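Chemist: Using this note's numbering, the first residue of the sequence shown is number -10, and each one after it goes up by one. In this text, a Cβ means the ideal position worked out from N, Cα and C, and glycines have one as well. Just so we're clear, the structure is a prediction, and the values are computed from it rather than from any experiment. One structure is given below, represented as structure tokens, and several questions about it will come after.
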Amino acid sequence: MWINASASSFLLTGFPGMEEAHHWISIPLLVVYISILLGNGTLLFLVRDDHNLHEPMYYFLAMLAATDLGVTLTTMPTVLGILWLNHREIGHGACFSQAYFIHTLSIVESGVLLAMAYDRFIAICNPLRYTSILTNTRVMKIGMGVLTRAGLSIMPIIIRLHWLPYCRSHILSHAFCLHQDVIKLACADITFNRLYPVVIVFAMVLLDFFIISFSYILILKTVMGIASGEERAKALNTCVSHICCILVFYVTVVGLTFIHRFGKHAPRVVHITMSYIYFLFPPFMNPVIYSIKTKQIQSGVIRLFSLPCPRA
């Protein structure tokens, strides 16, 4: 089934050459989608409902869960629309809005991971002032700052997409709209749209990673100065979940970048699969990591899903 795109729409792409298997491919994606909704939704509910989790560390975790939910809810509807209904056509406005939220939330996730590193730094390196530094008001300001930074930084390139003429093929290479995918279809000077995202990546995502790495060097230095081995292990254990989430996020970022830069001769399905891993793997893994490694979250999950024993 072929759909002709009008001048004001694009055509999304599922898995080229595997159209007959789209319904089968949708099954694992749907399972992951539901798992992400349940996992991150549960974390948000626990942080809101459990007074034991009303601490800065868990507020930042709630921000991470909300970001992961946002990424998934932004991308998966068009993916499932293609796999189930072969609904490929998407209007320019909807496409640009989807691209805006996808790229904004990616930067938000990096910013939230940085905020969580700041939380761990204060908790370990300056524990006596932890509650006075990370007040609820300051946590809220950090969250708003992370969101504002991401939203404003992505806006210029998305706004410019509305003004670019599109006179080439209207077929995009993914089941969702990405800025770098859309600009390939423009028949105008796209120098700004090519260079600006590179600046954003270096100025924000990479800078966030270097600051996070530096904060953990200081944390490690502080922990190594603790005399008791048990106390050292306890301090480091509070960072394990966060470190795992950092690795999951940045490893997928590096993997996607390498595929785009050096995998030009790789089968197209490899590029498409890597993009799904980038958008689905961190949101899927983050609740799992915190449920396994954080006792307070474990206890909350057990209380939430435990059934009351029937009375005799």
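Within a Cβ cutoff of 6 Å, which residues of the same chain sit near Arg221, ignoring the five residues on either side of it in sequence?
Modeler: Here residue 221 is taken as the residue at index 232 of the sequence shown, counted from 1. Counting only Cβ-Cβ distances below 6 Å, and skipping sequence neighbours, we find Val212 and Ile215.
Chemist: I need the DSSP call for Glu44, collapsed to helix, strand or coil.
Modeler: In the sequence shown, counting from the first residue as 1, residue 44 sits at position 55. Glu44: coil per DSSP, three-state reduction.
Chemist: Can you confirm whether the segment 32 to 40 touches the segment 267 to 274 when touching is taken to mean that 3 or more C-beta pairs between the two stretches lie within less than 8 Å?
Modeler: no
Chemist: Closest to Ser204 by CA distance: which of Ala112, Ser121 and Asp178 is it?
Modeler: Against the sequence shown, residue 204 aligns to sequence position 215. With distances taken between Cα atoms, Ser204 lies closest to Ala112.
Chemist: Would you mind giving the Cβ-Cβ distance between Ile91 and Thr64, rounded to the nearest angstrom? I have them listed as a contact below 8 Å.
Modeler: Stepping through the sequence shown from its first residue, residue 91 is reached at position 102. Stepping through the sequence shown from its first residue, residue 64 is reached at position 75. That pair is a contact at about 6 Å.
Chemist: Would you say Leu72 and His12 are within 9 Å of each other, going by their C-beta atoms?
Modeler: To locate residue 72, count along the sequence shown from 1; it is residue 83. To locate residue 12, count along the sequence shown from 1; it is residue 23. Yes.
Chemist: With DSSP as the reference, label His80 as helix, strand or coil.
Modeler: As a first step, residue 80 is located in the sequence shown; it is residue number 91 there, counting from the start. Before going further, note that residue 80 is Gly rather than His in the sequence given. Here Gly80 sits in strand by DSSP.
Chemist: Output yes or no for whether 9 Å exceeds the beta carbon distance between Asn125 and Gln285.
Modeler: Numbered from its first residue, the sequence shown carries residue 125 at position 136. Numbered from its first residue, the sequence shown carries residue 285 at position 296. It is not a contact, given that the beta carbons lie outside the stated cut-off.
Chemist: Between Leu50, Gly70, Leu209 and Ile248, which lies nearest to Phe4 when the distance is taken from Cα to Cα?
Modeler: Position 15 of the sequence shown, counted from the first residue, corresponds to residue 4. Closest option to Phe4, Cα to Cα, is Gly70.
Chemist: Inspect the beta-carbon positions of Thr2 and Arg109 and report whether they are closer than 9 Å.
Modeler: Within the sequence shown, numbered from 1, the residue matching residue 2 stands at position 13. Within the sequence shown, numbered from 1, the residue matching residue 109 stands at position 120. Going by C-beta atoms, Thr2 is not nearer than 9 Å to Arg109.
Chemist: For Ile179, which of helix, strand or coil comes out of DSSP?
Modeler: As a working mapping, residue 179 is identified with position 190 in the sequence shown. Residue state, collapsed to three classes: coil.
Chemist: List the whole-angstrom C-beta distance separating Asn275 from Leu53, where the pair is believed to meet the contact cut-off of C-beta under 8 Å.
Modeler: Taking the first residue of the sequence shown as position 1, residue 275 is located at position 286. Taking the first residue of the sequence shown as position 1, residue 53 is located at position 64. Contact holds; Cβ gap of about 6 Å.
Chemist: Nearest-angstrom Cα distance between Val277 and Asn29?
Modeler: If you number the sequence shown from 1, residue 277 lands on position 288. If you number the sequence shown from 1, residue 29 lands on position 40. Distance between the alpha carbons of Val277 and Asn29: 9 Å.
Chemist: Does the beta-carbon of Gln87 have 16 or more other beta-carbons within 10 angstroms, so that it is buried, or is it exposed?
Modeler: Sequence index remark: in the sequence shown, residue 87 carries index 98 (1-based). Answer is buried; the Cβ neighbour count reaches 16.
Chemist: In chain order, which alpha helix (DSSP H) runs of at least 4 residues are fully inside the segment 17 to 76?
Modeler: The segment 17 to 76 is shown to contain whole alpha helix (DSSP H) runs of 4 or more residues at 45 to 74, in chain order.
Chemist: Does the beta-carbon of Glu9 have 16 or more other beta-carbons within 10 angstroms, so that it is buried, or is it exposed?
Modeler: Within the sequence shown, the letter at position 20 stands for residue 9. Per the 10 Å Cβ criterion, exposed.
Chemist: List the endpoints of the continuous beta strand (DSSP E) containing Phe(-1).
Modeler: Reading the sequence shown from its first residue, position 10 is the one you call residue -1. Its beta strand (DSSP E) spans residues Ser(-2) to Leu0.
Chemist: What are the residues that DSSP puts in a beta bridge with Ile160?
Modeler: In the sequence shown, the residue the question calls residue 160 occupies position 171. In the DSSP output, where bridge partners are listed per residue, Ile160 has Leu0.
Chemist: Could you pull the start and end residues of the alpha helix (DSSP H) that Cys166 belongs to?
Modeler: Residue numbering aside, residue 166 sits at position 177 when the sequence shown is read from its first letter. Where Cys166 is concerned, there is no enclosing alpha helix (DSSP H), because DSSP gives it neither an H nor an E.
Chemist: Should Phe85 and Ile147 be called a contact, given that it needs their Cβ atoms to be closer than 9 Å?
Modeler: Locating residue 85 in the sequence shown gives position 96, counting from the first residue. Locating residue 147 in the sequence shown gives position 158, counting from the first residue. Cβ distance < 9 Å, so Phe85 and Ile147 count as in contact.
Chemist: Would you say Leu136 and Val97 are within 9 Å of each other, going by their C-beta atoms?
Modeler: Start at 1 with the first residue of the sequence shown, and residue 136 comes out as number 147. Start at 1 with the first residue of the sequence shown, and residue 97 comes out as number 108. Going by C-beta atoms, Leu136 is nearer than 9 Å to Val97.
Chemist: Between Val258 and Met46, is the Cβ-Cβ spacing less than 9 Å?
Modeler: Reading the sequence shown from its first residue, position 269 is the one you call residue 258. Reading the sequence shown from its first residue, position 57 is the one you call residue 46. Not a contact, by the Cβ cut-off of 9 Å.
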